[in-house]
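Engineer:
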Amino acid sequence: MVLKRVIVSVINDLVTDQRVNKSCLTLQRAGFEVLLVGRKQRKSPPMDERPYRSHRMKLIFEKGPLFYAEYNIRLFLFLLFHRADCLLSNDLDTLLPSFLISKIKRTRLIYDSHEYFTEVPELVSRPKVQKVWRAIEEFVLPKMKEMITVNESIANLFREKYGIKVHVIRNIPMRKMLPEPADKESLNLPKDKHILILQGSGINIHRGSEELVEAMRYLDDCILLIIGGGDVLPILKQKVAENHWDDRVRFFPRMPYKDMMAITQLAELGFTLDKPNNLNYLFSLPNKLFDYIQADVPIVASHLPEIERVIKDYNIGTFIEEHNPEHIAKTIKETLSDEVSLKTWKNNLNFAAQELCWENEEQILMKIYEQYI
């Protein structure tokens with residue numbers, strides 16, 4: 228029996244994108260032959276072993292308009308000359324070539340929007356570029372019957388704007404992917420300090436990391452671990468160097484998911500402090516929230532509707548009331564000294580981790596894919 232082939236496209240380097248990896252594994256279980264396509268940057272880590280095929284394109288340009296143009300042209304040509312029974316496009320920056328090929332070859336197309344792309348701050352601050360991406364979205368989505376996105380708030384925005392059927396698949400980690408905790412001694416972490424963590428691939432401006440690092444000025448009994456990548460990291464590193472806070476803030480680069488989760492499990496509190504200064508952040512439901520849950524780490528968050536709903540429904544953390552470094556530090560001190568709440572949250576995290584896992588979430592996805600087999 229020849230399996231139906233799905234080509235999954237994404238614009239990143241594939242290594243750390245767990246949502247796409249999980250989608251590919253689910254597609255395999257649904258009976259598809261999977262080919263994942265992305266790019267390879269000069270500094271990209273090597274691909275880990277996976278049970279499906281992948282292809283990373285080396286591009287001339289690595290950022291800016293020419294990068295997006297080159298990738299979309301290369302993706303169009305790749306899809307044109309490779310057989311597929313179904314295409315899965317991840318985010319708006321891969322949608323146009325996937326849509327055009329789906330029409331040329333009469334191939335089924337699934338669109339998975341990982342965020343409200345046209346309202347990310349990088350585009351909001353550049354209205355001309357934002358207009359281009361909006362034009363692509365407004366050209367394609369009215370011609371589609373259904374799509375996937377990451378939470379109900381964003382789904383409602385798409386439903387209201389385009390009258391399209393939207394399935395919600397939250398970006399929740401696999402329960403079985405949790406590794407053994409890392410060794411504090413091998414990481415040179417002090418045994419007499421509370422460990423705090425901020426992790427993720429989008430540690431960017433206006434997501435609260437600047438104020439969190441500044442709050443470490445008032446927390447001499449804590450050490451903050453920052454794991455991942457993002458455009459604000461050079462600013463944070465400069466701040467730490469200028470204030471000689473190397474004993475209070477440690478930076479770790481992007482790393483394989485299992486390595487990151489091994490370190491995350493050492494933390495006493497995990498942070499997600501996005502600001503509601505654009506629609507994408509206002510309605511965000513970041514991966515790190517569910518990573519903290521799986522790692523059994525209580526959460527300190529800002530008041531955003533999707534995040535607040537999860538934390539309150541399961542009673543697994545607390546909130547800051549403002550993005551002021553002194554207030555954040557005060558919240559951290561009070562939280563770490565509240566042994567009753569910490570114990571309650573820890574107990575509730577065990578229950579939340581059983582429910583909020585990909586093994587449950589993927590059942591919705593399987594039903595979507597079944598109609599394409």
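The sequence shown begins at 228 in the numbering used here and counts up one residue at a time.
All C-beta atoms, glycine included, are put in the ideal place defined by N, C-alpha and C.
Here the structure is a predicted model, which is why all the values come from computation and not from measurement.
(1) Checking the sheet assignment: what are the DSSP bridge partners for residue 549?
(2) Alpha carbon to alpha carbon, what distance is there between residue 463 and residue 319?
(3) Report the rounded CA-to-CA distance for residue 438 versus residue 555, giving the unit in angstroms.
(4) As an exercise, report each continuous beta strand (DSSP E) stretch of at least 3 residues that is fully enclosed by the segment 228 to 291, in chain order.
(5) Taking its Cβ as the centre, do 16 or more other Cβ atoms sit within 10 Å of residue 494, making it buried, or is it exposed?
(6) List the whole-angstrom C-beta distance separating residue 252 from residue 282, where the pair is believed to meet the contact cut-off of C-beta under 8 Å.
(7) Determine the direct distance from the alpha carbon of residue 419 to that of residue 335, and round the result to whole angstroms.
(8) Report, in whole angstroms, the separation of the C-beta atoms of residue 500 and residue 550, which I expect to be a contact under 8 Å.
(9) Quick check on the DSSP output: the beta strand (DSSP E) that includes residue 395 runs from which residue to which?
(10) Might you give, ordered along the chain, the residues of its own chain that have their beta carbon closer than 8 Å to the beta carbon of residue 460, omitting 5 neighbours on each side?
(11) Ignoring anything shorter than 3 residues or poking outside the segment 472 to 500, list the beta strand (DSSP E) runs there in chain order.
(12) Pick helix, strand or coil for residue 298, following the three-state DSSP scheme.
(13) Can you list, in chain order, the stretches of the alpha helix (DSSP H) that have 4 or more residues and sit fully within the segment 421 to 465?
(14) Mind checking whether residue 301 and residue 315 have CB atoms under 8 Å apart?
(15) Could you give the distance in angstroms between the alpha-carbon of residue 573 and the alpha-carbon of residue 527?
(16) Indicate the three-state DSSP secondary structure (helix, strand or coil) for residue 310 in the structure shown.
(17) Mapping the DSSP letters down to three states, classify residue 571 as helix, strand or coil.
(18) Given that a residue counts as buried once 16 or more other Cβ atoms are within 10 Å of its Cβ, and exposed if not, what is residue 190?
(19) For the alpha helix (DSSP H) containing residue 374, name the first residue and the last one.
(20) What are the start and end residues of the beta strand (DSSP E) that includes residue 526?
Structural biologist: Checking against the coordinates, here is how it stands:
(1) Answer is none; residue 549 lacks a bridge partner.
(2) 29 Å
(3) For residue 438 and residue 555, the distance between alpha carbons rounds to 8 Å.
(4) 231 to 236, 259 to 267 and 280 to 285
(5) buried
(6) In fact, because the Cβ distance is near 17 Å, the residues do not count as touching under 8 Å.
(7) Answer to the nearest angstrom: the Cα atoms are 56 Å apart.
(8) 7 Å
(9) 392 to 395
(10) 430, 453 and 478
(11) Along the segment 472 to 500, the beta strand (DSSP E) occurs as fully enclosed runs of 3 or more residues at 476 to 479 and 496 to 499, listed in sequence order.
(12) Note: residue 298 maps to helix in three-state DSSP.
(13) 436 to 442
(14) no
(15) 13 Å
(16) coil
(17) helix
(18) Since the first residue shown for the chain is 228 and the last is 600, residue 190 is missing from the structure and cannot be characterised.
(19) Taken as a continuous stretch (DSSP letters only), residue 374 belongs to no alpha helix (DSSP H), being part of the beta strand (DSSP E) at 373 to 376.
(20) 526 to 528
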